[in-house]
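Below is one structure, written out as structure tokens; comments come after it.
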Amino acid sequence: MRKTFLILYFLFACSQSNHLIPVRNSEGEVLGKYPKEIRWLGFENNPSWSDLSAFSELEVLELNSKEIKSLEGLSDLPKLRSIHLSGSSVKDLSPLNRFAKLDSLILNQTELTDQDLNKYLYWNRLTRIELTDSKISNLGFLGSGCSVRHLQLKHTQIKDLRPLEHCTNLIELYLGGTQVKDLSPLYGLTNLVHLQLDGSDVSAKEISDFRKIQPYVKIMPGLRKIFSSETGLD
């Protein structure tokens, strides 16, 4: 009985392995083997774009490596909704324009500038955008039809929040380490519940004024922490 079970298990394992699809790098080395139905893939080396075409169910693709320099030739992935490029060397985002279901773009720790962002045309579709530690200084790329709910701008050169007045769906906003001083563009964002300001140029008075208009927004750090820092008590 045990022998029969082992034989059946071996045959099952072999049949499963036969359904795994290899993904190679540009040198032809196999980075891994994955089932065709997989919905998430992540690589630290640049995969062969043609190999990715087999994964038609793929929804999340992570390419968080400096070795990733270009998205040119990226396969058509009809269900792709989230792409992570944090720490990559990608500058041209135009190959992403054809992914109609994309709703999340993670671009932390990159060298992307305002000009680079203009190459992607559908920021208004995205609900999650992360640009922490990038070179951006202007939020004009968001446009008037902004749909973003989660926006990370920590340690960027952002100063002016006026483009966010159109982002009425915004729930979470991260501004730590920025030069932002004026929070008044956020007064009308009634869906906002979390605002992170640690290390920004926002004063305690500005936060007090903001709280009068938006009393239910959770602000990090709290006002007590900011008062302590300004008086040298922390």
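FYI, in the numbering used here the residues of the sequence shown are -8 to 225. From the three backbone atoms N, C-alpha and C, an ideal C-beta is built for every residue, glycine too.
Taking the CB atoms as reference points, tell me whether residue i and residue j lie closer together than 8 Å.
i: Leu71; j: Leu54; result: no
i: Ser41; j: Ser17; result: no
i: Thr123; j: His146; result: yes
i: Val208; j: Leu186; result: yes
i: Leu117; j: Leu96; result: yes
i: Leu155; j: Leu161; result: yes
i: Ser61; j: Val81; result: yes
i: Phe46; j: Leu11; result: no
i: Lys27; j: Pro13; result: no
i: Leu133; j: Val139; result: yes
i: Asn36; j: Leu22; result: yes
i: Leu183; j: Gln205; result: yes
Strictly by DSSP, which residues pair up with residue i?
i: His141; result: Arg119, Glu163
i: His185; result: Glu163, Lys209
i: Asn88; result: Per DSSP, none; premise fails for Asn88.
i: Tyr228; result: No answer is possible for residue 228: the residues shown for the chain start at -8 and end at 225.
i: Glu53; result: Gly33, His75
i: Ser95; result: Ser73, Arg119
i: Pro38; result: Asn16
Can you tell me the Cβ-Cβ gap for residue i and residue j, rounded? I've got them flagged as a contact below 8 Å.
i: Ile127; j: Thr104; result: 7 Å
i: Gln142; j: Leu108; result: The sequence given here has Leu at residue 142, not Gln. With 8 Å as the limit, Leu142 and Leu108 do not qualify as a contact, their Cβ atoms being about 13 Å apart.
i: Phe201; j: Leu180; result: Not confirmed; about 11 Å, so no contact.
i: Leu52; j: Ile74; result: 5 Å
i: Ser79; j: Lys57; result: 6 Å
i: Ser125; j: Thr101; result: 5 Å
i: Gly167; j: Ser199; result: In fact, because the Cβ distance is near 19 Å, the residues do not count as touching under 8 Å.
i: Val171; j: Lys150; result: 6 Å
At a cut-off of 7 Å, would you count residue i as near the ligand MG, judging by its Cβ distance to the nearest heavy atom?
i: Phe201; result: Among the ligands in the structure shown, none appear at all, so the ligand MG cannot be discussed.
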